[in-house]
Amino acid sequence: MSRPFMFSALRGAFRPRAAGTGFAGASFRFQQRRNAGTITSTSLKSTIFRPITLVLLIAPLLTGYLGVWQVQRLKWKLALIDEVEHNLSKDPLPLPGKVNMNALPDFAFRRVLVRGKFTGPPILQGPQTRDGVAGYHLILPFNRSEHGGSTILVNRGFIKTAEGDEIRRGQRPVPGLGPNGEPGPEVVVEGMITKIDPAAKSYFTPENKPEQGDWFWKDIPTMTEFAGGEQNGVQPVLIDVIDSELNRNRQS
Numbered sequence: 305m306s307r308p309f310m311f312s313a314l315r316g317a318f319r320p321r322a323a324g325t326g327f328a329g330a331s332f333r334f335q336q337r338r339n340a341g342t343i344t345s346t347s348l349k350s351t352i353f354r355p356i357t358l359v360l361l362i363a364p365l366l367t368g369y370l371g372v373w374q375v376q377r378l379k380w381k382l383a384l385i386d387e388v389e390h391n392l393s394k395d396p397l398p399l400p401g402k403v404n405m406n407a408l409p410d411f412a413f414r415r416v417l418v419r420g421k422f423t424g425p426p427i428l429q430g431p432q433t434r435d436g437v438a439g440y441h442l443i444l445p446f447n448r449s450e451h452g453g454s455t456i457l458v459n460r461g462f463i464k465t466a467e468g469d470e471i472r473r474g475q476r477p478v479p480g481l482g483p484n485g486e487p488g489p490e491v492v493v494e495g496m497i498t499k500i501d502p503a504a505k506s507y508f509t510p511e512n513k514p515e516q517g518d519w520f521w522k523d524i525p526t527m528t529e530f531a532g533g534e535q536n537g538v539q540p541v542l543i544d545v546i547d548s549e550l551n552r553n554r555q556s
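The opening residue of the sequence shown carries number 305 in this note's numbering; numbering runs sequentially from there.
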């Protein structure tokens, strides 16, 4: 082999290759593709986690949940209305002195007659509205001990917000009680037995805060404890007054 030919072969072997050819070119192209994939993946993640994208993803789920909840709530209300109308059509019964709590659910929404005296402490449950006016339901313990009965809870009915706030501050006598908060006179009350129903509190209803006087829903067991508890003869029974003329202190 001639010397010029050998030098020519060596120069050809060590001549720099053009970019993009051979192993180095393949590595460069792979790096480009990986960088492009990283950019695409990052862009996709940033699109998914944008606030507007999250809202669009969550909104259908939330709407579906609310739709199911509303349908369930409607069914519950319709069944409740049917039960109330059926039981209110029956004649009132005298409420036993000691209420059998196991049998009480069978008498939900039945009209009953009770004799006794209103006592404290008052419970203002709300907010409530009547004819577009804001207010509370006034619930009081009702002592029947003079006739051998237990103390129960009686919802006297609606009072306006201003009146309820004055009662909270001690600036207004509590309807049904004496001027200094002592038990009122003996009365006979016609009312409707309220059903103890866990579904009475919806998902959006705040929790009651008895220590602050905030009662957002009718939690009968907790109201019973607030009124003295079963150890003091208070049973978890609540009746809603039907007699709208209660303040006349009807005697019999």
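A virtual CB, placed ideally from N, CA and C, is assigned to each residue, including glycine.
In this chain, the beta strand (DSSP E) harbouring Thr455 covers Thr455 to Lys464. Boundaries of the alpha helix (DSSP H) harbouring Met527: Ile524 to Phe530, taken from the DSSP string. By the neighbour-count criterion, in which 16 or more other beta carbons inside 10 Å mark a residue as buried, Lys379 falls on the exposed side. A distance below 8 Å between beta-carbons, with the five flanking residues on each side excluded, links Glu511 to the following residues of its chain, in chain order: Phe520.
Contact between the stretch 416-426 and the stretch 490-499 is present: three or more C-beta pairs spanning the two stretches fall below 8 Å. Apart from sequence neighbours up to five positions away, the residues of its chain that approach Leu428 with a beta-carbon distance below 6 Å are Tyr440 and Gly468, ordered along the chain. Between Phe413 and Lys505, the beta carbon gap of about 19 Å keeps them out of contact (Cβ cut-off 8 Å). Secondary structure at Phe520: coil, using DSSP grouped into helix, strand and coil. Of the other Cβ atoms in all chains shown, 16 or more fall within 10 Å of the Cβ of Ile463; this residue is therefore buried. Each residue's CA atom was taken as its position, placing Pro514 and Val458 some 17 Å apart. Taking the CA atoms as reference points, Ser454 sits about 9 Å from Asn536. When the Cα atoms are used, Thr509 and Met527 turn out to be separated by approximately 17 Å.
The beta-carbon distance between Gly461 and Val545, rounded to whole angstroms, is 6 Å. This is short enough to meet the 8 Å contact definition. In the three-state reduction of the DSSP assignment, Ile471 falls in the helix class, which pools H, G and I.
Per DSSP, the unbroken beta strand (DSSP E) holding Phe422 starts and ends at Arg415 to Phe422.
In the DSSP assignment, Val538 falls within the beta strand (DSSP E) that extends over Val538 to Val545. Around the beta carbon of Gln539, 16 or more other beta carbons lie within 10 angstroms, which makes this residue buried. Per DSSP, the unbroken beta strand (DSSP E) holding Met496 starts and ends at Val491 to Ile497. Spanning the alpha carbons of Met496 and Asp395 requires a straight line of approximately 11 Å. Exclusion of the five residues before and after Arg476 leaves Glu467 and Glu470 as the residues of its chain whose Cβ lies within less than 7 Å of its Cβ. Burial check for Gly480: the Cβ neighbour count within 10 Å reaches 16 or more, so the residue is buried. Pairing Ile456 with Ile543 gives a Cβ-Cβ distance under 8 Å. For Leu481, no beta strand (DSSP E) encloses it, and the DSSP letter there is neither H nor E. Check the Cα spacing between Asp501 and each of Arg473, Asp410, Gly401 and Asp518: the tightest is with Asp410.
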